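**Q**
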Amino acid sequence: EAGVAQSPRYKIIEKRQSVAFWCNPISGHATLYWYQQILGQGPKLLIQFQNNGVVDDSQLPKDRFSAERLKGVDSTLKIQPAKLEDSAVYLCASSPRTGAEAFFGQGTRLTVV
Amino acid sequence: QKEVEQDPGPLSVPEGAIVSLNCTYSNSAFQYFMWYRQYSRKGPELLMYTYSSGNKEDGRFTAQVDKSSKYISLFIRDSQPSDSATYLCAMRDSSYKLIFGSGTRLLVRP
């Protein structure tokens, strides 16, 4: 069974630029999560989708971050404009249903300079 | 005060040692407790999943939950160099939002 795929693996951008990350969850998984993991910290949930609907986006900085999950499968997370403090690893995870075990992708490491 | 506290380490032990990793939490509503292992430049992978208080064993790993003390532990027996990683505790209430600790780096020396 293929795991959660994320791209790109690494991205370096200048502050105020925009960036987008892509996630392809495990086939058939209805729930998809985006987490932000700052160096030395645990992952923090940014947004949770159930199929193509948003379940929780309470910790998503909506003035600069946006996310969508078209057709309930792939998802993209966008940052516009980026700030230095957005430097982190962005992890995508999926699970067959809310509350079940979440499987994580390898993450996208973002550096904002 | 953070909802979940975890000593960042690093914790360095010789091969074969028993490792004890711990987390404390403040939210008494947490009911589900997990331990994840994260290798460098990889995503977290679930090791143990427990509900409520008590012990759960899986091979060399034992997870322990003490809800009265708001304290959870992960024990690793006969530790191996391949166990070297960051261990993250995570927990949630009925809302399904996972709250992670900051992780403990473990180094098992050959």
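Chains as they are written, first to last, in our numbering: chain S, 88 to 200; chain W, 530 to 639. By construction, the Cβ of each residue, glycine as well, lies at the ideal position given by its N, Cα and C atoms. Keep in mind it's a predicted model, so treat the numbers as computed, not measured.
Runs of 3 residues minimum, wholly inside the region 102-165 of chain S: which ones carry the beta strand (DSSP E) assignment?
**A** Listed in chain order, they are 106-111, 118-124, 131-137, 140-143, 152-155.
**Q** CA-CA distance, glycine 630(W) and glutamine 104(S)?
**A** Taking the straight line from one Cα to the other gives about 31 Å.
**Q** How would you list, in chain order, the residues of chain W whose beta-carbon sits under 9 Å from the beta-carbon of glutamate 188(S)?
**A** In chain order: Met563, Leu575, Tyr578.
**Q** Which residues bound the beta strand (DSSP E) around glutamine 567(W)?
**A** Its beta strand (DSSP E) spans residues 561-567.
**Q** Under 8 Å between the Cβ atoms of valine 176(S) and lysine 102(S)?
**A** No, these two residues do not count as a Cβ contact at 8 Å.
**Q** Within 10 Å of its beta-carbon, does tyrosine 580(W) have 16 or more other beta-carbons around it, so buried, or fewer, so exposed?
**A** Counting Cβ neighbours within 10 Å, tyrosine 580(W) comes out exposed, since fewer than 16 surround it.
**Q** Between the alpha carbons of phenylalanine 562(W) and serine 608(W), how many angstroms are there, rounded?
**A** Between phenylalanine 562(W) and serine 608(W), the C-alpha separation is close to 22 Å.
**Q** Between leucine 550(W) and arginine 566(W), which are expected to be in contact by the criterion C-beta below 8 Å, what is the C-beta distance as a whole number of angstroms?
**A** Contact doesn't hold; Cβ gap of about 10 Å is too wide.
**Q** Distance cutoff 8 Å, beta carbons only. Does glutamine 128(S) sit that close to anything in chain W?
**A** Chain W contact via Cβ: present.
**Q** At the 8 Å Cβ level, is leucine 617(W) part of the contact set with chain S, yes or no?
**A** Yes, because at least one Cβ of chain S sits closer than 8 Å to the Cβ of leucine 617(W).
**Q** Pull up the distance between the alpha-carbon of alanine 193(S) and that of alanine 592(W), whole angstroms please.
**A** It is glutamine, not alanine, that sits at residue 193(S) in the sequence shown. If you take the alpha carbons of glutamine 193(S) and alanine 592(W), they lie about 25 Å apart.
**Q** If you draw a straight line from the alpha carbon of leucine 635(W) to that of serine 597(W), how long is it in whole angstroms?
**A** Distance between the alpha carbons of leucine 635(W) and serine 597(W): 27 Å.
**Q** Going by alpha carbons, who is nearest to leucine 119(S) out of Ala180(S), Arg151(S), Leu197(S)?
**A** Checking every option, the nearest Cα to that of leucine 119(S) belongs to Ala180(S).
**Q** Of the choices Leu171(S), Pro168(S), Leu197(S), Ile134(S), whose alpha-carbon is the least far from that of alanine 154(S)?
**A** It is Ile134(S) whose Cα lies nearest to the Cα of alanine 154(S).
**Q** Over what stretch of residues does the beta strand (DSSP E) that includes proline 543(W) continue unbroken?
**A** 540-543 is the span of the beta strand (DSSP E), which, as asked, contains proline 543(W).
**Q** Between Thr185(S), Phe190(S), Arg196(S), which lies nearest to alanine 117(S) when the distance is taken from Cα to Cα?
**A** The candidate whose alpha carbon is nearest that of alanine 117(S) is Thr185(S).
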